[in-house]
Every structure is written in C-alpha cells, then in structure tokens.
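Undergrad: Chains as they are written, first to last, in our numbering: chain W, 2 to 586; chain V, 72 to 641. For glycine and all other residues, C-beta sits at the position ideal for the given N, C-alpha and C.
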Amino acid sequence: MSGGRQVIAYGWRQLGSELVLQRRALPGLLGCAFLAALPALLSGRLVATAVDHGFLAGRSDVGMAWLSGYAMAILVAAIGARQVPIRLGLVVEPLRDRLVRRVVHAALRQAVAGHPDRDAGTVARLTKQVETVRDSTAGLLMGLQQVVFTVAAAIVGLFWLAPLVAVLVLAPVVLTLLLLGRLLVMLVDRQQEVLVADEQVAASVSGLAATVRDVVACGGQDRAGAEIGADIDRQARATRAITRAGALRSAVGSTGGRLPLLVILLAGPWLIRSGQLSVGGMLGAITYITTSLQPALRSAVQSVGGSSTLLSVTLHRLATTSASPVAQRPAPAGPPIESFDLTADRLSFAYGTHAEPIVSDLELTVRHGEHLTLVGSSGVGKSTLASLLVGLTPPQQGTVSIGGVPLAEIGEARLRRMVTLIPQESYVFTGTLRENLTYLSPGATEAELDKAVDAVGLTPLVDRLNGYDAMVGPGLTAGERQLISLVRAWLSPAEIVVLDEATCHLHPAAEARAEHAFRERPGTLIVIAHRMSSALRADRILLMDGSRPVLGSHQELLLRSRQYAELIGHWHDVTEEESKCGTSS
Amino acid sequence: MSADNHGTGTVSALLARTARQAPGWLALLFLASAASIGTALLAPAVLAATVDSLLGHTDATAKLTLLAALLGVGVLAAAGTEIAEGYCTAAATCWLRHRLVGHLLALGVTGPRRFAAGDLASRAVGVAPQLGRAAPLLVQSAMNLVLSLGALALLWSIDWRLVVTLALVAPVGLALLAMFARDASLLVGRYQESQSLISTRLVDALVGIRTIRAAGTVERETERVLAPLPELAEAGQSLWRGYGGLAWRTALVGPLTTVAVLAIAGQGLVTGRTSSGQFLAAAGYAPMALGLLNQVPQLLSFVRLRVSARRLVEVFSVPAPRVGTRVLPPGPGELRMQGVTVRAQDAVLLDDLDLVVPAGQTVAVVGRFGAGKTTLAEVAGRLVDPDEGQVLLDGVALDEVAPASLRREVAYAFERPALLGTTVADSIGYGCEDAAPQLIEQAAAVAQAGGFIKRLPAGFRTPLPGLPLSGGEAQRLGLARAFVRRSRLLVLDDATSSLDSVTEAQLSAALTGTSGGQTRIIVAHRVNTAARADLVAWLEDGRVRLLAPHRHLWRDPAYRALFETPLDQR
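1) Tell me whether Trp319 (chain V) is buried or exposed, calling it buried when 16 or more other Cβ atoms sit within 10 Å of its Cβ.
2) Threshold first: 4 residues or longer. Then list the alpha helix (DSSP H) segments lying entirely within the region 151 to 197 of chain V, N to C.
3) List, from N- to C-terminal side, the beta strand (DSSP E) runs of 3 residues or more that fit wholly inside the region 230 to 283 of chain W.
4) Give the DSSP-derived three-state secondary structure of Ser267 (chain V) in the structure shown.
5) Keeping to the same chain, check which residues put their C-beta closer than 6 Å to that of Tyr565 (chain W); ignore five residues upstream and five downstream.
6) For the region 407 to 419 of chain W, which residues have a CB atom closer than 9 Å to at least one CB atom of chain V, in sequence order?
7) Mapping DSSP to helix, strand and coil, what is Met72 (chain V)?
8) By a C-beta neighbour count over all protein chains shown, 10 Å radius and 16 as the cutoff for buried, is Gly600 (chain W) buried or exposed?
9) Do we get a CB-CB distance below 8 Å when we pair Val52 (chain W) with the residues of chain V?
10) Could you give the distance in angstroms between the alpha-carbon of Thr321 (chain V) and the alpha-carbon of Glu132 (chain W)?
11) Using 8 Å for Cβ pairs, my map puts Tyr469 (chain W) next to Thr282 (chain V). What's the rounded Cβ distance?
12) So, does the region 143 to 163 of chain V touch the region 106 to 119 of chain V, judging by three or more C-beta pairs under 8 Å?
13) Taking buried to mean at least 16 other C-beta atoms within 10 Å of its own C-beta, is Glu290 (chain V) buried or exposed?
14) Excluding the five sequence neighbours on either side, which residues of its own chain have a C-beta within less than 6 Å of the C-beta of Tyr630 (chain V), listed in chain order?
15) Look at Arg168 (chain V) and Ala199 (chain V) and say whether their C-beta atoms are less than 8 Å apart.
16) Thr600 (chain V) and Ile593 (chain V) - do their beta-carbons sit closer together than 8 Å?
17) Hey, how far is the Cα of Gly405 (chain W) from the Cα of Arg126 (chain W)?
18) Grab me the residues of Leu538 (chain V)'s own chain with a C-beta within less than 8 Å of its C-beta, minus the 5 sequence neighbours each way, in chain order.
19) Keeping to the same chain, check which residues put their C-beta closer than 8 Å to that of Thr636 (chain V); ignore five residues upstream and five downstream.
20) From the DSSP secondary-structure annotation, give me the bridge partner or partners of Ala428 (chain V).
21) Output yes if chain W places a C-beta closer than 8 Å to the C-beta of Ile283 (chain V); else output no.
22) From Thr493 (chain V) to Glu228 (chain W), what distance separates their C-alpha atoms?
23) Could you check what DSSP says for Ala484 (chain V) in three-state terms: helix, strand or coil?
24) Compute the Euclidean distance between the alpha carbons of Arg435 (chain W) and Glu447 (chain W), then round it to the nearest angstrom.
25) Quick check on Arg541 (chain W) - is its C-beta less than 8 Å from some C-beta in chain V?
26) Please check the pair Ser279 (chain W) and Val341 (chain V), which I expect to be a contact at CB under 8 Å, by giving their CB distance rounded to whole angstroms.
27) Check whether the Cβ atoms of Gly179 (chain V) and Arg214 (chain W) sit closer than 8 Å, and answer yes or no.
28) Inspect the CB distances between the region 35 to 48 of chain W and the region 151 to 169 of chain W and report whether three or more fall short of 8 Å.
29) Against chain V, does Val575 (chain W) count as a neighbour if the rule is that its beta carbon must be under 8 Å from one of theirs?
30) Rounded to whole angstroms, what is the Cα-Cα separation between Arg368 (chain W) and Ala345 (chain W)?
31) Taking Cβ positions only, does Gln527 (chain W) come closer than 8 Å to chain V?
32) Within 8 Å (strictly less), CB to CB, does Met545 (chain W) reach chain V?
33) State whether the region 235 to 249 of chain W contacts the region 154 to 166 of chain V, with contact taken as three or more CB pairs (one from each stretch) at a distance under 8 Å.
34) Mind checking Met472 (chain W): buried by the 16 CB within 10 Å criterion, or exposed?
35) Fully enclosed by the region 107 to 152 of chain V, which beta strand (DSSP E) runs are 3 residues long or longer?
36) Can you confirm whether Phe101 (chain V), when its beta carbon is compared against all beta carbons of chain W, has any partner nearer than 8 Å?
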C-alpha cells in the first residue's frame, strides 16, 4: 500500500488530467458556480446598507428595497445552482465512461493473460469503485466550487464592506485551509485501510457461504469463525481510526469558521470607535461570516476532505487493479507458411521449478489433415499440452511450429485464425444464435450455416428456436452450449482444430456424430478425450503418463502400453456414460 | 444459540440489542450532542448581547468571553459527537457481523440454501452498518428536533411575528422538496439497470475467457461488453438534471426564508422592538428552525432502517440445530436410520426412510436424480437434521453427540469439495490441525493425489488460493481430507465422479487396503462402485426400494436401467 502523500498526489494528478480532457465543459461550470455564489458576495453589503440607510434611519421602505435586492440575488443564484449539477454531469459522466472502458478493457486482458482471480466478485468490486470515483469527483468539484467561489465571494464582499475587517478574517481562514491540507494525508491512509478491510469482510462472508458445508463437515467452525472474526475486528478498528481522523478534520474546520467571528468582535470596540465600521457594517460583516463563510467552510471540509480522500484512494486502487497488461505488439506478417504440419520440438513445461514436468523433451509431429487423440488420467496435463500446441501457453523449453515456422513468429491474429481451440466450458453470449455461430467466421452464408449445423447435429435446437435469429443466452443446457461452440469451430477458417473435452456434456451418440463431423472437415483435428471411445476414432493416439508420453495407433498402443490396455479394459468393463466433465484448469 | 435467537426474533428486539452494544459510547454521544445543541442554541443569543454591548459602547468583555467559551465547547462537543457516533456504529456493526457469521456457521448447509452467497455478503457489508447506525441516528434526529424547536422558541422570544413568517414560508419549501423525492428513485433505478447490463456482459465474457483467448477476439469482446455504455451515460445525465432540480430548490428555500425573517426583524429595528443584536440572532435562528423540514427525510430513513433490520432478522430467525453434548462412546460404527423424513419447501426429499448400515460394511447408494441420495448422505452425518425420525450411530442419536466428537467420527467427501486453508497440506488437514505431515501425505497417497501434488510448484506447501485445480484434482484433495480423519463412518457423496475410471479403480483398491473396519456410505453413479460395495441401497422417491448386494439387484432390468442413461442431469 502506498503512503497517503503519494496517493493524494496521484489522485490530484489523475483528476487534473481528466479535467483537461473535459476542459470545454469547465467554463460553463465555472460560470454557473459564480452565479450560485452571488448571495455570498452581496449578502453582508446589502444587509449593512439595509440597516444603516433603512431600518436604523427609520426608513422601512429603503431597508425593504435593499433586502429585495438580496432576494433577487438569491433567485439568480437558484438559476445557477440548478445548472451546476447539470454542468458537473458533463464533466463527470465522460470521466465515468472512460473509467468503465478502462476497467472492462483491463479485466478482459488480464483474464486473457491468465490471471485466475478475475471473477464475478471482481466485477462487482470494480463497478463499485468506478461509481465511487464518479460520486467523489462530483463531490470534490462541488466542494472546490464552494471553497473557491463562496469563501472567496464572502471575503471579497468583506473587502468591499470594510477592507481592514477582511484582512483580520483572512488570516484564520487561510490557516485553516493549510491545516486541512496537512490532515488530508492522514485521512487518505485511514481511508485506504477501511476500503481494504471492507473488501476483505465481503470476500470472507461470501466465501463462507460457498464453503460452510465443508467447514461443518470438517468440524472447522471454530477456526473459520476465528479467521472471519479477525477480518471483522480489523474492519472495526479501521472504522474507528477514520472516525478519529474525521473528527479532527471537522474540529479544525469549525474552529476556522468561528475564529473570524471572535476576531471581529474583539476588534469591534476599536473598529466602531475609529469609524472603520458602522452599526450596519458590523451586522453585515457578521452576516458574511455566519451565513456564507461558516457553512461554506463546513461543507468544503466535508466534501474536500471526504470526497478527495475517497477519490484519491479509489483512483489509486483502480489503477493498481485495472492496469492493462502490455498490449500485444502486432507481430510482423511473418514468413509465409507452406504447410500446416504441427511440430513440437524438445518441448518442456512444468508449473514450478520443483514441480514434476507436464512434458519434457516432447517430440511430436501432427500432419495436416491428421486426427490425433490425447488420452491419460485426469490431472496429467492434457489441457496444458493442448495450450502449448496452439501457442496459448508459451513453452519453457523447445518450440512448437506450424509448417516449420515457430508459433511466436507467426503473429497472434494470424495464428488465431489458423488454429481454433474449443474448451470444455463453452462461451455462449447473449445475442442471436447466428451471431454466436458465426463468431469465428463472420461472413458465413445461410447455406454454410445449414451445412455446419446439420453436420454437427444442432438442427433440433435451431428448429426449436425457429431459426438463427432467435436470441440465446442463459437457459440453454450445457450440451446445447457445447454444440453451439462446436458448430462455431466447424465453420471457422482454422486449419487446426483442438477439442479440449469439448463434447463432455453430450451423449455418446451425439459426441460420436460431432467428432465424425470434424473428421470429415478438411484440416487437422486434435481431440482431448473425455471418453475412451474417442481414441478408437483417431488416426493416432498420444497417451500421456507422467513425463513419458507414448504415441501410436490404437493397435500399437494395445501392444506397447499396459496402461493403455488398462484404460481400454476398464472402458470395456464399465458402461461409458458415467464419466463426466471435470472442471478443467 | 436458541436463547440468542429468541432475543433477536423481532425487528424491534434486534434494533434494541444492536443499540446496546456500546453503552459507554452511547452515553457519551448523548452528552456530547446535547452539549453541541445547547451551545448552538445559546451562541446567537450571546452574540446578540455582545453586539448590542459593543454598539452601546458598554463593556462587552464578559459576554465576549462567554461567547468564545461557547464556541470552543461547541467545537469540542461536535468532535465528541462525531467520535461517539463512529464508535457506536463500529461496535454495533462488528457485533452484528460476528453474530451473522456465528449463525451461518451454526446453520451449516441450511444457510446457503436459503440465501445466496452474494446476498449474504451484502447483508454483512451493506445492511449491518446501516443497522449499526440505528442508535446514533435516533439520538441525532432527537437532537435535531430539540434544536429546531429550541430555535423556534427563541425566535418567538425575539418577536412572535418571525415565527409566523416561518410558518407561512415553510410549507412552500416542503412541497418543493417533496416533488423531487418522487422522481429521484425512478432515475436511480434506470441508471442501475444499465450499469448491471454491462456487469452481466463482463461476467459472461470472463466465464468464457478461454474461448475468447483461443479465438483471439478480446478486442471485439471489449466492444460487445461496452455496447450499453451510451445508455448508461444518458441515464447518468438525466440523474444530474434531477439533482439540478433539487439544487435550485434548496438554494431557494433556505436563503429566501432568512431574507423574509430579516425583513420582519428590520421592521422591528425601525420601531425599536428589536435590537441590532437580535436582528443578527434572528438570522441565526431561522435556518436552525427550518431544519424541521429535514425531519421528514429522517423519518423515511427510519422506515428504511426497519427494512434493513428485517433482512438480518430473516437470517437470524432460521433456527440453528441443537448442539449435543455427549461424547460418542467407542463402537464398531453401525448406522441406523429410523423413520427419517426430510422436507424441502414444496417436496419430500426423504419419506419415512429406514436403513441400517451394518458396522464395517460399505453401502453404495444409487437411484435416479431426485431420489434423495445426497439428502441421505447429509442426514447420515448430521449435516442436516431430519424433520422427523432419528439417526443413530452405534446406538447414540446424532443430535445428542457433541459436534467435536461427531466430526472426529464421521468424515465426508463431496462431488465439488470446497478446499479450505492456506496450503495444499493445510487443506487436507483442515479441522484436524494436529494431524502429522506423514498422515497427510499418506491420506493424499490413498486418494491418488500424491502424483499431481508433486507436480505443483511447491508440492504440499503450494499456497491454495488461486491454485488452478481441475475437478478431478479438487475431488482427490477432498478425499484426502476425509481419509486423514480415520473416522468410524465415511460418507462419499459422488466424490469420485470427476476421476477417470483408472484412477477411480486405483483409489478403490487403495481404500480397500486401508479399510480397518470403517463403515462407508458411497453415493455413486458408476456400476463398478455399486458392484464393489457390500450392499446397495436403491433409493426411489425418498425411500429405500431395495437393500441387497449388487449381483442380486442386477437381475432386475429396472435396476440395470439406472446405469444405462446418463444419470447426471444436474
């Protein structure tokens, strides 16, 4: 966590650069704020005149006339006050738009770069933080408007009424503002602690809901209760700390508002005797202080103290949580690719320096048009190998190449068109069925769609939904979602298709039909088997067993690998339908 | 627990108990805010007297000193109020959260079935502090009322005409402000809708991130997620227009009232009825008296408070199961279910079920989806209590056994285990914190988890949070956690479903080798699991249709049909 000072500096810098972007909305905002401060500028002077020349001179009508002037100023100010939030919206809404863009952009890019913690909770947190920035920017600008315009207007008005009095008042006000500035650093630190503690409590409680069955089953209630209790207590401590800091801030603010009053009253006898101040002038000066200066200082303390702290802290946290990973540089077009043979050369990968490798020195060539199936027990690293083969995970040693060109040199966009990987968890977004099916082939015609749907076996769903223009989204079964993903891959221009347990929610017959459709489709097919029956359909099979994979046809493996024979044997023993999808990493 | 529940059964009782959490700070809050109100009411009067002395060229030193003292005390009292408020709120919030967590732990599986995880988090994070503020809010609004009424009385003492003026102006102000409140909630609703539209799309995309990554379509997805942004911006702008409506009304009501009061006070100056100081004091009291208008929104916030309280009472009023006190005496591990009935809102999950699991034997539980298999597993080790009937382990009713004793003797593994603790080893030993490292490694080996744990970056010491585990890997850690306990009864609820058949067979063999007379209940979908068990309990509609060895049952086509279609339609 960074110190308060850096965080504040960061927050103000950010706010500054955002305001520069919205500079065209600023003059309007300033103009309206000026109008809204009109009573603060005129109040004391008008009251002084009304008293001196009107009420105390026995001329009620004159007094009333000056007071109506005051009322007029209030009416004009109301017009300004109405416009201030609207103009503020013109500054703040585009700022929010930019933040939402940045957050969505970063969340997706971080997830693509493989950050495991980008989940629904993160989204909720980011949404809340963006809203906090929006609200506190508005609050801060309102507060600043009050400090700058109302406080300044009151002091200018005082100068106009009695320059010497204004000088006397100015000193405590400036002192207060300086002190408040120093307090800000402490407040920011406290605020940061509160935000972190709040998030922790939210995470702990929703975590408890997800795990309580297991906690109870393990008899871990005491431990879980103590762990969450510690988070709750920490949050309470953080709240108390910020309460103390807040009270100090308010005390400084209200002292700053009251000192000028005492100063004027102390100097009062001399001011009146020396003719510096009339009776009306005295009343007017006090009016400036009590009706403009004090309330403005109070709300400025609340909003500048509160909002700017919150703003700095939230902006800082947003920046740290939504930093976009370095954008993928657009790789040069790369050398031309003659064939689509996929080759792994001395390929090695492990999840940690002390971890047993998933693959080590793997040599493998999958010819264009070939159908290869990966089999092996769960957790052996089939999905990782698939990720390595399509370039989604960079190898630690060795290379993967297509047509002799290493994947890293092909260029991301070109590679993604060339290779399609369909994972277990299918992605069906809210949109029409057509949009979902043509996700990887936006130009596909109706006839091509029909052909793909028929081949893969999605026709019943299309019929049920009455065509391709039906909206889909939540409400489809897992199997239907997988079929949609499969049609999508079938239609894609990819020369190499990898199905990573992409058929695990289908019935065996439906799975067979889908795999058959991909066999008939030109290009290479790599299947990570969910059922052993997938192996029987393949040209060759790669059995993964620790770091020593075995490659061969079904017949060869039956002879060469006892483990393969076991896998197949068990498959013969056991009915097929039982196996289910594991959630893959 | 039950006594506690009694105390928080109603909204008012909960509010009262919450308010009592920090009596010392509450007393300080009362004193400080009373002092704060007192000084606020006295200050304009003393100011008036001071100014009159000054203008009358008499000695104002005493009055000025009094004023300075009043203002000083006012500052301190306000700071004291703020601190006492914060401390009261923090104590009450903290107490509510501890209670919520404690109650959730006592409820066990029942809690998350009634309330979603996000919902519970929002009750803990959002609702608890609202309720925690109950006492300070009450003190504050009572004090505000005193302030406004006091200011009215003091205005009356200066000139009754001033109060009449206020009474004439105030209703106009009230009407103006009420007009705004009606539109505001509509606008806020529209804004939040567009907001959640974007969030939903983003969550969808994050769920499908592997596809997006493999397709290289992250740019397109970003635009798709952001498509509702213009709508959000438009809703935001109309919200600001709404605030503009509130702003001009507030800018008008307060200041114009003050001017009206000054005009009347000015007439008093002309006739000599009012002194110059009183003219100032009138300007000071008018806004305080006008504060009465704000009492209406305050009342509304009390209504909201009761709504919040109800959201917590909802959770607290779900009764926690009774806590037993007996230590389970040694025994062979015979489980007996007698007339067990479990009901959900509109269904009977187990219907007067009788079942005896003989000591040291393995019983496979099979049946169609919805037959009650998981419920039976939950009842067997008292994760839920039956609505009727009882469950006895070695002759002792489970609800009489002390939780610590019960959890030592009954171990569970689940289809989707939630892994707890800090590291892989800690997750296996969770709840048995005294388990030796060898015991943990042994349990992992039996669960066939040793191999993949070795491939993790730091083996058994690999930190758990954020560790990507496949379904099969998580299941094996869950199994190891159950094996570590060496319990009398082991309940496996579909706990090997994500394992391939080879691993599952290896695990079975390893488990048979370490049996040691453990009684086992295994909910399973695989035919070979049923075949390996001593007995199969075939469930249908919440009852045991047949209890017999697999080879006897296999002759029945209806039994065979259980294994011929995909069973997992969940």
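TA: To lay it out plainly:
1) Per the 10 Å Cβ criterion, buried.
2) Counting only runs of 4 or more, we get 181 to 185, 188 to 193.
3) Whole beta strand (DSSP E) segments, 3+ residues: zero.
4) Annotated three-state conformation of Ser267 (chain V) is helix, per DSSP.
5) Taken in chain order, the residues that qualify are Leu544, Leu558.
6) Correct list: Glu413, Ala414, Leu416, Arg417, Arg418.
7) Per-residue confidence for Met72 (chain V) stands at a pLDDT of 39, beneath the threshold of 50, marking its modelled position as unreliable; no derived number is given.
8) Any answer about residue 600 (chain W) is impossible in this case: the structure gives chain W only from 2 up to 586.
9) True, the Cβ-Cβ gap to chain V drops below 8 Å.
10) As the crow flies, the alpha-carbon of Thr321 (chain V) is around 25 Å from that of Glu132 (chain W).
11) Not confirmed; about 20 Å, so no contact.
12) With a cut-off of 8 Å, the region 106 to 119 of chain V and the region 143 to 163 of chain V count as touching, because enough Cβ pairs lie within range.
13) Flag for Glu290 (chain V) reads exposed.
14) If you ignore the 5 residues before and after Tyr630 (chain V), its C-beta comes within less than 6 Å of the C-beta of Leu624, all in its own chain and listed in chain order.
15) Yes.
16) For Ile593 (chain V) and Thr600 (chain V), yes; Cβs fall inside 8 Å.
17) Going from the Cα of Gly405 (chain W) to the Cα of Arg126 (chain W) covers about 46 Å.
18) Contacts found: Val495, Leu527.
19) Summary for Thr636 (chain V): the model assigns pLDDT 38, below 50, so the residue's position carries little reliability, and this model does not support an answer.
20) Strictly speaking, residue 428 (chain V) in this sequence is Val, with Ala absent from that position. In the DSSP assignment, Val428 (chain V) forms a beta bridge with V:Leu406.
21) Residue-level contact check: Ile283 (chain V) touches chain W, since one or more beta carbons of chain W fall below 8 Å from its beta carbon.
22) As the crow flies, the alpha-carbon of Thr493 (chain V) is around 12 Å from that of Glu228 (chain W).
23) Correct three-state label for Ala484 (chain V): strand.
24) Rounded to the nearest whole angstrom, the CA to CA distance from Arg435 (chain W) to Glu447 (chain W) is 9 Å.
25) For Arg541 (chain W), no CB of chain V lies under 8 Å from its own CB, so it is not counted at the interface with that chain.
26) Here Ser279 (chain W) is actually not in contact with Val341 (chain V); their C-beta atoms are around 17 Å apart, not less than 8 Å.
27) Cβ atoms of Gly179 (chain V) and Arg214 (chain W): closer than 8 Å.
28) In short, these stretches touch, since the Cβ pair count reaches three.
29) Because the pLDDT at Val575 (chain W) is just 44, under 50, the model does not fix this residue reliably, and the value given afterwards should be weighed accordingly. Cβ-Cβ to chain V under 8 Å: yes for Val575 (chain W).
30) The alpha-carbon of Arg368 (chain W) is positioned some 12 Å away from that of Ala345 (chain W).
31) Per the sequence shown, the amino acid found at residue 527 (chain W) is Ile instead of Gln. So no, Ile527 (chain W) is outside the interface.
32) Under the Cβ criterion of 8 Å, Met545 (chain W) is not counted among the residues facing chain V.
33) Judged by Cβ distances under 8 Å, the region 235 to 249 of chain W makes contact with the region 154 to 166 of chain V, as three or more pairs qualify.
34) Label assigned to Met472 (chain W): exposed.
35) Runs of the beta strand (DSSP E) inside the region 107 to 152 of chain V: none found.
36) It does not: the Cβ of Phe101 (chain V) has no partner Cβ on chain W nearer than 8 Å.
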